[in-house]
Every structure is written in C-alpha cells, then in structure tokens.
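Take a look at the structure below.
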Amino acid sequence: MTANDSPSEDGTPNEERDQSFAVDVEDVLEDGMLDETDSGSQGLFDDLLSGEPIFENKEVLRPSYTPHELPHRSDQINKMATILVAALRGETPSNILIYGKTGTGKTASAKFVSQELEQTSKKYDVPCEVEYINCEVTDTQYRVLAQLANKFIEQNEAHVERRLSDLADLREAVEEGVTAAEATPFEDIGGIDSRVDELEGELEDMEPVPMTGWPTDRVYKEFFEAVDYRERVVVIMLDEIDKLVEKSGDDTLYNLSRMNSELDNSRVSIMGISNDLKFTDFLDPRVKSSLGEEEIVFPPYDANQLRDILQHRADIAFEDAALTDDVIPLCAAFAAQEHGDARRALDLLRTAGELAERSQSEHVDESHVRKAQDKIELDRVVEVVRTLPTQSKLVLFSIILLEKNGVHNVNTGEVFNIYKRLCEEVDADVLTQRRVTDLISELDMLGIVNAIVVSKGRYGRTKEISLSVPIEETEAVLLADSRLSEIEEIQPFVQARFDN
DNA sequence: GGTCCACCGGAAACCGCGGAGG
DNA sequence: CCTCCGCGGTTTCCGGTGGACC
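Heads up: the first sequence is residues 55 to 554, going by our numbering.
Now the structure itself:
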C-alpha cells in the first residue's frame, strides 16, 4: 500500500523521536476517551478513539526499528564482536562479509554491534567510528565516496572546532596568570595564537564534496585525506553491497580495500552485508580475498525462532492481553513458510493489529492474522501488477477478459487472439505468439496466473491458463494504467468470439 | 499403430539502445 | 564527437510432443 509498508531497510535514525511521538498519541487516546464520556457529543473521530487501544508502541514492529536484543543471533553477534574488538585495541579488524536472506537480522545485528562498539570506544576513549551506508540508496562509486568524505570532513571540522575552543580556554587561563609552560606544550600566548591560526587555516580547507561534478579520483583523494586526518580506526558498513557491485562494479571495493596500505594515521575496515550468497563471483579475486577475510552467515529463522522474536516485540508493541494465544504462533508459521523472513512476520503481526484496531475489536485474534495475510498478499499482487510492462498487462488483461466471460482454463491461442485485438484497441505493437507464450510463463513465475501444459490429443497441445489472483482487484489495477483505461468496447467482441 | 492438432520451447538472428572508449 | 560492443527484448525458424481419433 504506502511507501511505509515497503520492506526497505532504511536506517532512519529518528527512532527515539518516533517512539516518544507514539507515546503522545496514546496520551491523546486516553484524553479522547475521557472527553467523550464528558460531553456526549459524537465527533468524527470519537468512534475511532473509543474502545480499548491495542497498540502500546507500534514503532517496534516497523522494519526501521533496531531492537536491543536479537534472539537467536548471539553466535553471529559474538563472532562480529570478537573480530571488531581489534578496533578497540587500535589494530585493524579483519574485513567482514555478512550473508543472509532478507529478514534474517543482518542489518539489525550489524547495527547493534556497531552501536556497542562506538559506545565502548567512547568509554575507553579509543578513537573508533562506524559509518553506515546503504548501497541500495547510494549506489555509485562517486556517491559512496562523496558521502563518506563528507561525513569525515564534517567530523574533522567538529574536531578542529573543539580544539580551537580548548585553546581559547587555555589562552584565558594563561592571561590570568598560569604560566603557559606549566599547563601546556606552548611557551606563551604567541605560541597558542599561531596554533590557532594554523587550525583555522585547516578549517578553511575543509569544504564538503559536492554531490556531483568532481572527477571520481579527486573525491577519493578528499575522502582519503579526511580519514587520514587523525589517528583512528574506521569501520565502513556497506549494506546491500551486492547492489553496489551489480550497478557499478567492484572498483569502489577495490579502492577501499587497498586503502590501508597508504594510510598513515588511521585504519579502515570494511563490513559488507549481502543478500546474495554468490555475489563474490563477480568480484576481482584480489577484492574477493581481502573482503572475505571473515564470513558470517545468517541462516533463515525457523518457526520457533520467529515465535520468540515476535513474542519479544509484541510484549513492547501491544497492550497487555491484546493478543489471543494463537496469534503469534500463527504469524510465525506463516512467515516460516515464506523462507523465515522476520520482517515479514513482524509486518504480518502489525497489519493484523491494525486490522483489529480498525474493526474496533478488543483483541487481535486468528481471523485478523488470516485477513492480514490476505491483505499483504493482495498488496504484493497489486504492486507487481501495477509495475508490469505494458505488453504483459495486455496479456494479463486478455486472460481476465476471458475469465470474466466464463472461460476458465483458457489456452494460449484464445489469449493471443484477444491480445491481438486489445493491441489494436490501444495502438500498441503486436508481439508474436512465441513471445506471448514467454510473457505468460513470466506471469506464471510471478504467481499471477497458473499455467500448465496439457495435451488435448487430437486437438493439440497447449498451456491451460487460469488466474490465481482476485479478478476484480486485478482488473481495477490494470484499468488504472493510462494506456489500458480507454478499453471498454472490447466486451462485445469477446462475447462474439465466444459465441462462435 | 499411425496421424495430426495446436501449440511448446530451444537456437539463432536481429534490432535498438546506452555506455565505454578511441 | 563518432564508433563499437554488449545486452535485453523480440522475431524467425523449426523440431518436438502427448494423446484423441481414425
């Protein structure tokens, strides 16, 4: 449905704000209930606000939420920690490559570990930083480098400004009579001033990299210098790293992985996160070996593990006793069928809760979960159909027209005839039957239609095609396409053909 | 058993397009 | 700037096929 529900792993850093916001909403809910009993007047929203609230904090169920505990991932987390602890000793940690399908907790675990790492580094005052980049959003070498460069330039600026204010304090102290030599390495105020000038000069040089326009090697140089500006260990987290390689090759990774040999002050370590287990096949062997020094695999969750995860989050997300007992096992079972995707399971649970809320029932029960499953499935289909290429839409529409006229298990020939006529109607070029059979097979792969080859003996051999999605909704989506919306007159034609 | 329908699906050629490279 | 190459989508060509019917 909306963009919010799309399964993107965007790392929006405003969870805390969202949570506090969610709490405010709950407060409003309470107030609303009181007001209603007082005044007795029924406004538009009063109905919706009345009744028991089901959610206590819905944000916990959203994909962007980073949990503080990740059940069944302690092995992976510990392994990451044992590798990254080198950073806290000032050594370079090995590069890490993390594999796992969507919704197996890769990003969440990695973010959790990096938060811990940064906190610990502050505690012991070891300079160590983690930079997160989502390569699906930042998908070219230039953008990756520019983003990193700007992050570090910004930090360096802050660092220099801090030093400047320290020096200003010091200058004051010296003027008040403390001998400079006692407190500082500077001999007198003149020494401090010249150091201030020096730093201000450096500050001048730190300009951010523009989002476009520079040659890539200049951006690289800029990034390199920003990182090497002072002593530290930097962990670069590249999420969806397979997307980056797919779209812009392995140059970026090559450059990043050989940086260490040229850096004087700092150390860089790369942490790649990939959905695709085989993506290293496309890499330069040198990059492959340096990047995959350590590999961590995140296997899909099974139904029991999913149940733990859901239980864990549901405790926070829902009001006490808002869920009936079978809700969580059912969500877990559904999601386990879908390759153990935890995000999917959480989505299901949240949608079930929303449906319950909307229908104003006091509990979330099994029926809501089933409805939620249907709704998510429908949303998926709508999305797939909506983004289909025009030719495929025409083919699908032909099948729908036939189906609507009571022809089930249509064969390729019939579909092709209708399709041809449709093409004339909307002024699209007509593809060959050969090609149309391929399109039908694609629709089959997407689960929109079901096509099996059957032999009708004497009367040939063909695909029997039947629709496997709800007719009305799908048709509505197709008609929403500007090119297909003009079709209306085709109905009599199908009828005529059918009469033959 | 042979025929033959009506399409399947592999192979290869073709065609426009965009991007790398001269 | 032009040229060439690779690529995805498409067309052309064609051999293949399971089983109802003769």
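All residues carry an ideal CB built from backbone N, CA and C; glycine is no exception.
In the DSSP assignment, find the beta strand (DSSP E) that holds Cys182 and state where it starts and stops.
182-188
Unbroken stretches of the beta strand (DSSP E), 3 residues or longer, contained in the segment 362-394:
none
If you follow the beta strand (DSSP E) that Ile564 is part of, which residue opens it and which one closes it?
The question about residue 564 has no answer, for the chain in this structure spans 55 to 554.
Apart from the five residues on each side of it in sequence, which residues of its chain come closer than 8 Å, Cβ to Cβ, to Ile253?
Note on residue identity: the sequence assigns Leu, not Ile, to residue 253. Same-chain partners within the cutoff: Val214, Arg217, Leu218, Leu221.
Could you tell me the alpha carbon to alpha carbon distance between Thr491 and Asp498, rounded to whole angstroms?
10 Å
Close-in-space but distant-in-sequence residues of the same chain around Arg284 (CB under 8 Å, 5 per side omitted):
Pro181, Asn210, His213, Asn319, Ser320
With DSSP collapsed to three states, give me the class of Ser148.
coil
Secondary structure at Val503, three-state DSSP: helix, strand or coil?
strand
Residue span of the alpha helix (DSSP H) that contains Asp481, given as start and end
Neither: Asp481 is in no alpha helix (DSSP H) and is coded neither H nor E.
Can you give the Cα-Cα distance for Val191 and Glu229, rounded to whole angstroms?
52 Å
Hey, how far is the Cα of Pro121 from the Cα of Asp395?
16 Å
To the nearest whole angstrom, what separates the beta carbons of Lys155 and Asn329, a pair I think is in contact under 8 Å?
6 Å
Kindly give me the distance between the Cβ atoms of Ile327 and Asn149, rounded to whole angstroms, as I take these residues to be in contact under 8 Å.
Between Asn149 and Ile327 the Cβ distance is about 12 Å, and since that is not below 8 Å, they are no contact.
For Asp419, which residues of its own chain have a beta-carbon under 7 Å away from its beta-carbon, when the five flanking residues on both sides are left out?
Thr378, Val381
Can you give, in chain order, each stretch of the alpha helix (DSSP H) that sits fully within the segment 100-180 and has at least 4 residues?
100-103, 128-142, 160-177
Is there contact between the segment 253-269 and the segment 136-145, where contact requires at least three CB pairs shorter than 8 Å?
no
Asn358 - partner residues in DSSP beta bridges
According to DSSP, which records beta bridges pairwise, Asn358 is partnered with nothing at all.
Here's a check: name, in chain order, each residue in its chain whose Cβ is nearer than 8 Å to the Cβ of Ser344, leaving out the five neighbours to either side.
Asn149, Ser311, Arg312
Straight-line CA distance for Asp293 to Ile350?
14 Å
For Asn358, collect the residues of the same chain with a Cβ closer than 8 Å to its Cβ; drop the 5 residues on either side in sequence, then sort them by chain order.
Ala386
So, does the segment 354-372 touch the segment 397-408, judging by three or more C-beta pairs under 8 Å?
yes
Do you know how far the Cα of Pro524 is from the Cα of Tyr473?
20 Å
In chain order, what residues of the same chain have a beta carbon less than 7 Å from the beta carbon of Val341, not counting five sequence neighbours either side?
Asp304, Leu307, Tyr308, Ser311
Quick test of the definition: if touching needs 3 or more C-beta pairs under 8 Å, does the segment 463-472 touch the segment 503-521?
yes
Under 8 Å between the Cβ atoms of Ile430 and Glu529?
no
Can you say whether Leu98 is buried or exposed, counting buried as having 16 or more other CB atoms within 10 angstroms of its CB?
exposed
Taking C-beta to C-beta, are Val503 and Val436 nearer than 8 Å?
no
Near Ala426, what residues of its chain come up, given a Cβ to Cβ distance below 7 Å and the 5 sequence neighbours on each side ignored?
Leu402, Thr405, Ala406, Leu409
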